[in-house]
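Q: For reference, the structure I am asking about is given below.
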Amino acid sequence: MRIRISKVAALAAAIVLTGAASVAGSGAAVAGTHAPAKPTVVLVHGAFADSASWSGVIERLQKRGYPVVAAANPLRGLSSDAAYVRTVINSVPGPIVLAGHSYGGAVMTNAAAGDPDVKALVYIAAFAPDKGESALELSNKFPGSTLGDTLSAVPLGDGTSDLSIRQDLFRQQFAADVSKKQATLMAVTQRPIRDAALGEGSGEPAWKKIPSWFLVAGADKNIPVAAQRWMADRAGSRATVEIRKASHAVGVSNPSPVADLIVRAATAR
């Protein structure tokens, strides 16, 4: 009787062990084929906008499983803005894809320099300055910008001024392909930029060592289209997408192709 019990116990133990091994093997197989974690996308808005301007892009990235951080660009000075954005990306664990719009491109160009965690730069109708270049210089390098005629200035008392786009001219200048209702809200909630920020020269550019992707807004009245194409070519853009009728607010009017390009950069090998 004892022998029979021992045999039954041994058989049961063998079954348990076999089942455990099967489960362990299954787990190992799953672990072996588990997809790597997606990089975090850090978004940097530009002048005359705020982080909400990325809302449509954020929604699409999150649906694809990407963690997203939208940095609140101070718009006070290129070096100080870059220092702030650098603290944001330093707080994010793991690999990062940086995307910048307009002046935000200049900021991320400086913020990402020397950071091994930043795997890709995505310029959305954005400045990609070389060392010593300013946003103002690049916007005047080619004809086509009508921004200067639409600006209003508020003196800050230190010899500099805050610049905003006049509300009555905002849609035609910044967001011509955005609905009137939405453009009106954008005009009221726009964040001003300190004029000194637009004139400050860039530091060593991150795009010389980090791969870049560019989206060109074909009907942009802020940054000349020729300037956007020229900066993309100079940076050795991995891929340049041009949306022919897009305004400067291309992330608002065309969030899907913007998100698609960011995902393209995030999945590049």
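Quick note on numbering that gives the first Met the number 0: the sequence shown kicks off at 0 and runs consecutively.
Backbone N, C-alpha and C fix where the C-beta goes; we use that ideal spot for every residue, glycine too.
All values derive from a computational prediction rather than experimental measurement.
Note the first and the last residue of the continuous beta strand (DSSP E) segment covering I164.
A: For the purposes of this step, residue 164 is taken as the residue at position 165 of the sequence shown. Note, I164: beta strand (DSSP E), S160 to I164.
Q: State the start and end residues of the unbroken alpha helix (DSSP H) segment that holds V177.
A: In the sequence shown, counting from the first residue as 1, residue 177 sits at position 178. Per DSSP, V177 belongs to no alpha helix (DSSP H) and is neither H nor E.
Q: Which same chain residues, not among the five before or five after K198, have their C-beta less than 6 Å away from its C-beta?
A: By one-based count along the sequence shown, residue 198 stands at place 199. Strictly speaking, residue 198 in this sequence is Gly, with Lys absent from that position. The answer, listed in chain order, is S133 and L135.
Q: Does V153 pass the burial test, meaning 16 or more other C-beta atoms within 10 Å, or should it be called exposed?
A: Position 154 of the sequence shown, counted from the first residue, corresponds to residue 153. When all chains shown are included, V153 counts as exposed.
Q: If you follow the alpha helix (DSSP H) that L197 is in, where does it begin and where does it stop?
A: Residue 197 sits at position 198 when you count from the first residue of the sequence shown. Segment D194 to G198, the alpha helix (DSSP H) holding L197.
Q: Does DSSP put Y65 in a helix, in a strand, or in coil?
A: As a first step, residue 65 is located in the sequence shown; it is residue number 66 there, counting from the start. Coil, per DSSP.
Q: Am I right that V96 and A205 are in contact with their C-beta atoms under 8 Å? What's the rounded C-beta distance?
A: Sequence index remark: in the sequence shown, residue 96 carries index 97 (1-based). Sequence index remark: in the sequence shown, residue 205 carries index 206 (1-based). Rounded, the Cβ-Cβ distance is 12 Å, inconsistent with contact.
Q: Do S101 and F126 have their beta-carbon atoms positioned less than 9 Å apart in this structure?
A: As a working note, residue 126 is residue 127 in the sequence shown. As a working note, residue 101 is residue 102 in the sequence shown. Going by C-beta atoms, F126 is nearer than 9 Å to S101.
Q: From the DSSP output, in three-state form, read off F141 for me.
A: As a working note, residue 141 is residue 142 in the sequence shown. Coil at F141, not helix or strand.
Q: For V187, count neighbouring C-beta atoms within 10 Å of its own C-beta (all shown protein chains included) and say buried if the count is 16 or more, exposed if not.
A: Your numbering for residue 187 matches position 188 in the sequence shown. That one is exposed.
Q: What is the rounded straight-line gap between the Cα of L260 and the Cα of V240?
A: Taking the first residue of the sequence shown as position 1, residue 260 is located at position 261. Taking the first residue of the sequence shown as position 1, residue 240 is located at position 241. Near 8 Å, if we compare the C-alpha coordinates of V240 and L260.
Q: Have a look at G235, S201, M230 and K220 and flag the residue whose alpha-carbon is nearest the alpha-carbon of S79.
A: Taking the sequence shown and counting its residues from 1, one reaches residue 79 at position 80. Cα-wise, what sits closest to S79 is S201.
Q: Since K220 and S160 are thought to touch, with beta carbons under 8 Å apart, how far apart are those beta carbons, to the nearest angstrom?
A: The sequence position of residue 220 within the sequence shown is 221, counting from 1. The sequence position of residue 160 within the sequence shown is 161, counting from 1. No, K220 and S160 are not in contact; Cβ-Cβ is about 21 Å, not under 8 Å.
Q: So, at 7 Å on beta carbons, what are the nonlocal neighbours of Y83 in its own chain, with the 5 sequence-adjacent residues on each side left out?
A: Within the sequence shown, numbered from 1, the residue matching residue 83 stands at position 84. Excluding residues within five positions, the ones whose Cβ falls inside 7 Å are P73.
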